[in-house]
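Participant: One point on numbering: in full-length UniProt numbering, the residue at position 136 of the sequence shown is 136, and numbering is uninterrupted.
One structure, pasted below without further comment.
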Amino acid sequence: MKQKEFNIPFSGLKQGKHNFNYQIDNTFFDSFGYDEFNAASINLDVVLHKTSTMMEVDMEASGTVNVACDITSEPYDQPISGDLHLVVKFGEEYNDEDDEILILPHGEHQLNIAQYVYEMLVLAVPQKRIHPGIEDGTLQSEVLDKLNELQPKEKRSNKEENDPRWDELKKLLTDK
C-alpha cells in the first residue's frame with residue numbers, strides 16, 4: 001500500500017474527533033510517479049470524526065509547490081490550498097467510486113488517505129502556471145524579451161486594412 005504514513009488506524013480510536021498533521025514534500029508526489037513539481041512544502045491537517053456507524057474525514061492543506069512557468073519555463077513557488085470532505089462508511093466490499101463517500105469492508109481497521117490527498121493537491125494547482133513576476137513586471141527573462149519582440153505591431157493604417165482581394169466577398173455579404 002502506498003504511503004504507509006497516511007494510514008489512519010481508526011479501530012483503536014474512541015468516538016469523537018481526532019487530529020492528524022502531515023508535512024508533505026516532493027517524495028510524496030514522486031511515490032505516485034508525478035514529476036510536475038520541482039519541490040513541495042505543504043502542511044496537511046486531517047480531522048477524523050468517528051461515530052458508531054461511520055467516520056467523517058476533513059482534510060485541509062496549504063503550502064507551496066515549485067513549478068515551471070508555462071510562458072517562460074522559469075521556476076517559481078506557487079501557493080496552493082485545498083480541502084476535502086470524505087464520508088467513510090462500512091459495507092460488504094471496498095468501493096471508492098464516489099468522490100465523497102468511501103466504503104470500507106466490515107472488519108477493516110485502517111484508512112489510507114494518500115490517494116485523496118494526492119488528487120486534492122494536484123487539482124489545487126492552477127491549470128495555467130504563470131510566474132508572478134510576469135504580471136508585476138519584475139521577471140527578467142530572455143523568453144519574455146523575445147515574446148515582446150515578436151508581438152504584433154500596432155494596427156496598420158486604414159488604407160492597408162481594405163484588402164482589395166476581400167472587397168468582392170464583402171459585396172456578397174451586403175447583396176442579400
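For glycine and all other residues, C-beta sits at the position ideal for the given N, C-alpha and C.
Anyone know if the C-beta pair for Phe-28 and Ala-39 falls short of 9 Å?
Facilitator: Going by C-beta atoms, Phe-28 is not nearer than 9 Å to Ala-39.
Participant: Spell out the partners DSSP gives Met-59 in its beta bridges.
Facilitator: Answer by DSSP bridge pairing, in chain order: Val-46 and Leu-84.
Participant: With a threshold of 6 Å on Cβ separation, who are the neighbours of Met-1 within its own chain once the five nearest residues in sequence on each side are excluded?
Facilitator: No answer about Met-1 holds up, because its pLDDT of 43 lies below 50 and its placement is not dependable.
Participant: Determine the DSSP secondary structure at Pro-126, reduced to helix, strand or coil.
Facilitator: In this structure, Pro-126 counts as coil in the three-state DSSP scheme.
Participant: Using the DSSP secondary-structure output, state which residues sit across from Asp-96 in a beta bridge.
Facilitator: DSSP lists no partner for Asp-96.
Participant: Looking at Leu-173 and Val-117, is the spacing between their C-beta atoms short of 9 Å?
Facilitator: It is not a contact, given that the beta carbons lie outside the stated cut-off.
Participant: By the three-class DSSP mapping on this structure, what secondary structure does Gly-16 have?
Facilitator: Three-state DSSP puts Gly-16 in a strand.
Participant: Can you tell me which of the three DSSP states Phe-90 falls into?
Facilitator: In this structure, Phe-90 counts as strand in the three-state DSSP scheme.
Participant: Compute the Euclidean distance between the alpha carbons of Val-122 and Glu-93, then round it to the nearest angstrom.
Facilitator: The straight-line gap from Cα to Cα measures roughly 28 Å.
Participant: To the nearest whole angstrom, what separates the beta carbons of Cys-69 and His-109, a pair I think is in contact under 8 Å?
Facilitator: Contact doesn't hold; Cβ gap of about 45 Å is too wide.
Participant: Drop a sphere of 10 angstroms on the beta-carbon of Gln-151, count the other beta-carbons inside from all chains shown, and report buried for 16 or more, exposed for fewer.
Facilitator: Classification for Gln-151: exposed.
Participant: Could you give the DSSP three-state label for Ile-134: helix, strand or coil?
Facilitator: Three-state DSSP puts Ile-134 in a helix.
Participant: Closest by CA to Met-53, which one among Gly-107, Asp-167 and Val-125?
Facilitator: With the sequence shown as reference, residue 53 is identified as Thr, and Met is not the correct amino acid for it. The shortest Cα separation from Thr-53 among Gly-107, Asp-167 and Val-125 belongs to Gly-107.
Participant: For Asp-99 versus Gln-115, is the C-beta distance shorter than 9 Å?
Facilitator: Result no, Cβ atoms of Asp-99 and Gln-115 do not sit closer than 9 Å.
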